[in-house]
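Protein chains in written order, with the numbering used here: chain U, 15 to 408; chain X, 15 to 408.
Encoded structure:
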């Protein structure tokens with residue numbers, strides 16, 4: 015089986031969009047690719063069979079959550095995540111940094127960031143060594159360092175791992191964003207060193223992505239993009255763009271960062287993927303992105319539908335107006351939910367808080383997004399991205 | 015499409031068990047058949063596709079719940095339950111009587127039954143006309159009568175309907191059990207009259223089962239069995255045997271009632287189906303039975319497994335001992351859950367309260383039971399029921 019390898023198969027003529035394929039030992043990921051989030055080693059309400067039927071190529075698992083529950087012992091005895099889950103396709107794990115940092119009180123964190131001092135946060139304490147935190151489950155104390163993050167991700171065994179970083183909350187001062195970025199850079203070196211020390215143990219099958227930080231500051235983002243690109247990471251993740259910025263600021267960050275990234279390295283955008291972001295990030299040259307949006311919306315009954323007749327992307331199936339509606343969620347959709355179930359019944363399932371509601375709506379939203387991504391990939395290769403974008407965004 | 019019709023295809027030599035087939039316009043139900051319960055028009059956590067894969071032939075919907083939510087308007091506009099749910103196979107509905115009666119405080123009800131006066135129950139008031147009750151959802155007041163029950167079940171449109179009865183709680187005095195039985199008999203006549211008055215509207219596709227009551231009293235049960243059998247019901251349901259009696263008393267009721275039922279009428283046992291009851295009720299000559307057991311147990315993580323090495327039928331997957339267990343739930347099971355998932359992962363899903371846990375375990379339990387029923391049907395036709403029973407019960 016071949017190791018990690020990225021091929022570019024086509025480029026858009028009017029934007030920086032590119033279509034390609036990431037080869038991993040667990041199979042290929044065609045890009046641009048949406049990566050659903052399965053926080054606790056399950057994309058909420060979906061079976062592996064559901065994900066395969068949808069065409070999901072890879073999903074994202076949160077290291078922090080698995081480290082605490084079921085814990086490393088169960089995963090290690092289960093021969094790693096793929097075998098534990100029973101999922102034979104690619105997986106990604108994060109470094110646990112963002113999740114740990116999020117444990118702190120967000121408002122207090124932001125205030126401290128603005129004051130330039132993020133070091134004292136309830137539940138979380140950041141130092142050069144790493145991050146001390148208390149479990150949200152039982153209050154037990156833990157220390158995560160770059161070395162620990164790599165060790166934990168090695169045990170999880172995902173195809174793509176993320177380097178341990180310090181995610182800077184928005185808004186933050188330039189001073190704090192700079193400190194966090196610099197620490198992220200030092201931690202990047204420690205992650206690479208930890209990975210090479212583990213070489214014997216660490217399967218060559220696992221790839222490590224570096225993380226670009228720098229808040230919403232052009233100088234810092236450029237500096238981080240250049241530095242992280244210079245290190246031997248085969249892929250680059252862009253962090254800190256899903257913590258409260260406006261859509262405009264996300265675009266700015268991509269404008270500053272992506273042109274400085276080497277073409278041959280894959281580019282992953284962490285935590286972004288609202289439906290109206292997708293064409294933007296694809297056109298800026300992003301290859302993959304993870305987001306909880308389609309699954310979380312699905313569990314709330316907010317369904318993705320094509321924007322027709324000035325309708326928004328989202329249809330709230332829990333509204334009383336759908337109680338007797340015999341139409342499928344989206345008449346243009348071929349998913350099994352739209353082929354076999356009507357809006358009235360799904361409305362009833364939500365009102366009655368029936369488990370089936372969450373599954374049907376998650377399935378539809380993921381199918382909708384995968385379908386959009388397939389169309390985008392084909393469009394890039396056929397040099398028709400602008401037409402497809404026009405069709406979708408009208 | 016042919017109307018309701020029951021054929022007996024084989025009889026056991028050593029017991030009263032029989033194998034047959036119930037024909038309905040929505041397809042056949044091979045008997046003996048287990049009927050899963052989908053209280054709110056969904057077998058909790060199962061899609062129609064799941065039920066079909068399992069081989070579920072028919073499921074049971076609670077009239078009381080659907081009457082209150084989504085309400086008759088949504089179902090009527092949706093062209094009846096089959097179309098509303100998107101389920102093309104047979105369905106059963108109950109009369110709503112048992113559910114309404116259950117609204118009252120059970121302990122108080124029992125006390126009143128023992129005193130011989132069940133007429134004053136919080137939320138519920140029974141009279142000759144019918145039952146007044148308050149919705150458990152919004153406290154609104156409603157009156158269900160035999161005529162109303164038939165009208166509501168007509169709108170729901172299930173293939174098999176149940177006559178409106180007064181279910182007598184256990185333990186009750188002979189006096190109260192007699193009064194409740196006599197009322198059930200008078201209500202049976204009113205249900206039949208209501209059905210024939212509606213003949214124009216009421217689809218000939220729907221069949222009405224009469225209900226035998228009489229508590230745990232031999233004289234009453236025999237009287238009820240004879241009387242209900244004498245009325246023009248094509249099928250007989252046996253009620254009031256899932257409200258607290260011992261297994262011994264359930265057997266007694268079947269011993270008194272079933273021999274008095276005409277062979278050509280189908281026999282449904284209401285609300286019974288613990289795994290160790292199944293051989294008993296089949297041997298007593300029951301054709302179908304509904305029970306929430308396998309689905310409810312599944313959602314609690316109690317999984318049905320073959321009784322090997324003195325193990326009980328149930329395996330509690332939430333126990334810590336399964337956290338690193340790489341085996342499937344049941345090594346002898348061919349369901350997709352046992353083929354693709356291990357105990358350690360399912361244990362994790364339960365501990366993390368992930369939605370997938372409930373679906374996987376419900377699927378397995380239903381598959382397990384359907385498989386058992388298939389084996390029992392074949393065994394009856396091949397005159398091997400005692401061997402199969404021995405194998406299963408060891």
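Built from N, CA and C at the ideal position, the CB exists for glycine as well.
Next on the checklist: I'd like to know if residue 370 of chain U contacts chain X, where contact means its C-beta is closer than 7 Å to some C-beta of that chain.
Outcome noted: It does; some Cβ of chain X falls within 7 Å.
Checklist entry - Does residue 208 of chain X come within less than 7 Å of chain U when only Cβ atoms are used? => result Closer than 7 Å: no.
Next on the checklist: What would DSSP say about residue 223 of chain U, mapped onto helix, strand or coil?
Outcome noted: In the three-state reduction of the DSSP assignment, residue 223 of chain U falls in the strand class.
Item to check | Length at least 3, wholly inside the region 262–288 of chain U: the beta strand (DSSP E) runs in chain order | outcome: The qualifying runs are 280–283.
Item to check | Selected residue, minimal CA-CA separation from residue 225 of chain U, among U/283, U/263, U/168 and U/147 | outcome: The residue with the shortest Cα to Cα distance from residue 225 of chain U is U/283.
Checklist entry - Considering only residues of the same chain and omitting the five flanking positions on each side of residue 199 of chain X, which have a CB-CB separation below 6 Å? => result So the list reads 241, once near-sequence residues are dropped.
Item to check | the region 361–373 of chain X touching the region 49–65 of chain U, judged by at least three CB pairs closer than 8 Å | outcome: Contact between the region 361–373 of chain X and the region 49–65 of chain U is present, because at least three Cβ pairs lie under 8 Å.
Checklist entry - Does any C-beta atom of chain X lie closer than 7 Å to the C-beta of residue 392 of chain U? => result Answer no: the Cβ-Cβ gap between residue 392 of chain U and chain X never drops below 7 Å.
Item to check | Option in X/256, X/321, X/96 and X/170 with minimal Cα separation from residue 382 of chain X | outcome: For the residues X/256, X/321, X/96 and X/170, the minimum Cα distance to residue 382 of chain X belongs to X/321.
Item to check | Under 8 Å by beta carbon: chain U residues contacting residue 10 of chain X | outcome: In the structure as shown, chain X starts at 15 and stops at 408, and residue 10 of chain X therefore has no counterpart that could be examined.
Item to check | Chain-ordered neighbours of residue 58 of chain X on chain U, where CB pairs are closer than 9 Å | outcome: Those within 9 Å of residue 58 of chain X in chain U are 368, 369 and 370.
Next on the checklist: Is there a Cβ of chain U sitting closer than 7 Å to that of residue 191 of chain X, yes or no?
Outcome noted: Residue 191 of chain X does not count as touching chain U.
Next on the checklist: Rounded to the nearest angstrom, what separates residue 145 of chain X and residue 265 of chain X at their Cα positions?
Outcome noted: Going from the Cα of residue 145 of chain X to the Cα of residue 265 of chain X covers about 30 Å.
Checklist entry - Where does residue 137 of chain U fall in DSSP's three states? => result When DSSP states are grouped into helix, strand and coil, residue 137 of chain U belongs to the coil group.
Checklist entry - Just by C-beta distance, which residues in the region 63–86 of chain U are closer than 7 Å to chain X? => result Result list: 63, 83 and 84.
Item to check | Chain-ordered chain X contacts of residue 354 of chain U [CB-CB under 7 Å] | outcome: In chain order: 62 and 100.
Checklist entry - How would you call residue 408 of chain X, buried or exposed, if buried means at least 16 neighbouring beta carbons within 10 angstroms? => result Flag for residue 408 of chain X reads exposed.
Next on the checklist: Would residue 334 of chain U pass as an interface residue toward chain X - the criterion being a Cβ-Cβ separation below 7 Å?
Outcome noted: Against chain X, the CB of residue 334 of chain U has no partner CB under 7 Å away; the residue lies outside that interface.
Checklist entry - Can you find a C-beta in chain X that's less than 7 Å from the C-beta of residue 362 of chain U? => result Yes, contact with chain X.
Next on the checklist: Which residue marks the beginning of the beta strand (DSSP E) containing residue 174 of chain X, and which one marks its end?
Outcome noted: In this chain, the beta strand (DSSP E) harbouring residue 174 of chain X covers 174–176.
Checklist entry - Nearest-angstrom Cα distance between residue 365 of chain X and residue 332 of chain X? => result CA-CA distance, residue 365 of chain X to residue 332 of chain X, rounds to 7 Å.
Checklist entry - Applying a beta-carbon distance threshold of less than 9 Å, which residues of chain X neighbour residue 365 of chain U? => result 83 and 84, listed in chain order.
Checklist entry - In chain order, what residues of the same chain lie with their CB nearer than 8 Å to the CB of residue 340 of chain U, ignoring the 5 residues before and after it? => result Here the set comprises 356, 357 and 358.
Next on the checklist: Can you find the residues in the same chain that come closer than 8 Å, C-beta to C-beta, to residue 90 of chain X, ignoring five residues on each side of it along the sequence?
Outcome noted: The beta carbon of residue 90 of chain X lies closer than 8 Å to those of 169 in the same chain, with the five residues before and after it left out.
Checklist entry - Once you ignore the five residues that flank residue 286 of chain X on each side, which residues in its own chain have a CB closer than 7 Å to its CB? => result Shown here for residue 286 of chain X: same chain residues with a beta carbon closer than 7 Å to its own, the five before and five after excluded, namely 255, 256, 264, 295, 303 and 305 in chain order.
Checklist entry - Which word fits residue 82 of chain X, buried or exposed, when buried means at least 16 other C-beta atoms lie within 10 angstroms of its C-beta? => result Burial call: buried.
Checklist entry - How far does the alpha helix (DSSP H) with residue 238 of chain U in it reach, from first residue to last? => result 232–244 is the extent of the alpha helix (DSSP H) around residue 238 of chain U.
Item to check | Proximity test, Cβ basis, 7 Å: residue 54 of chain U and chain X | outcome: True, the Cβ-Cβ gap to chain X drops below 7 Å.
Next on the checklist: DSSP three-state label for residue 391 of chain X, please.
Outcome noted: Residue state, collapsed to three classes: helix.
Item to check | Beta-bridge pairing of residue 32 of chain U - partner residues as DSSP gives them | outcome: Answer is U/25, bridged to residue 32 of chain U.
Next on the checklist: Counting only Cβ pairs nearer than 9 Å, list the residues of chain U close to residue 310 of chain X.
Outcome noted: Identification of chain U residues near residue 310 of chain X by a Cβ-Cβ cut-off of 9 Å yields none; the smallest Cβ-Cβ distance measures about 13 Å.
Checklist entry - Taking Cβ-Cβ distances shorter than 8 Å, what residues in chain U pair up with residue 236 of chain X? => result Within 8 Å Cβ-Cβ: nothing; residue 236 of chain X doesn't reach chain U, min ~41 Å.
Item to check | Supposed contact pair residue 53 of chain X and residue 79 of chain X - C-beta distance, whole angstroms, cut 8 Å | outcome: Between residue 53 of chain X and residue 79 of chain X the Cβ distance is about 5 Å, and since that is below 8 Å, they are a contact.
Checklist entry - Quick one: is residue 397 of chain X buried, meaning 16 or more other Cβ sit within 10 Å of its Cβ, or exposed? => result By the 10 Å Cβ count, residue 397 of chain X comes out exposed.
Next on the checklist: With distance defined between alpha-carbon atoms, name the residue in X/330, X/315, X/337 and X/378 nearest to residue 346 of chain X.
Outcome noted: Closest by alpha carbon: X/378.
Checklist entry - What are the uninterrupted segments assigned as alpha helix (DSSP H) that are 4 or more residues long and contained completely in the region 305–357 of chain X, given in chain order? => result For the region 305–357 of chain X, whole alpha helix (DSSP H) runs of length 4 or above, ordered along the chain, are 307–314 and 350–354.
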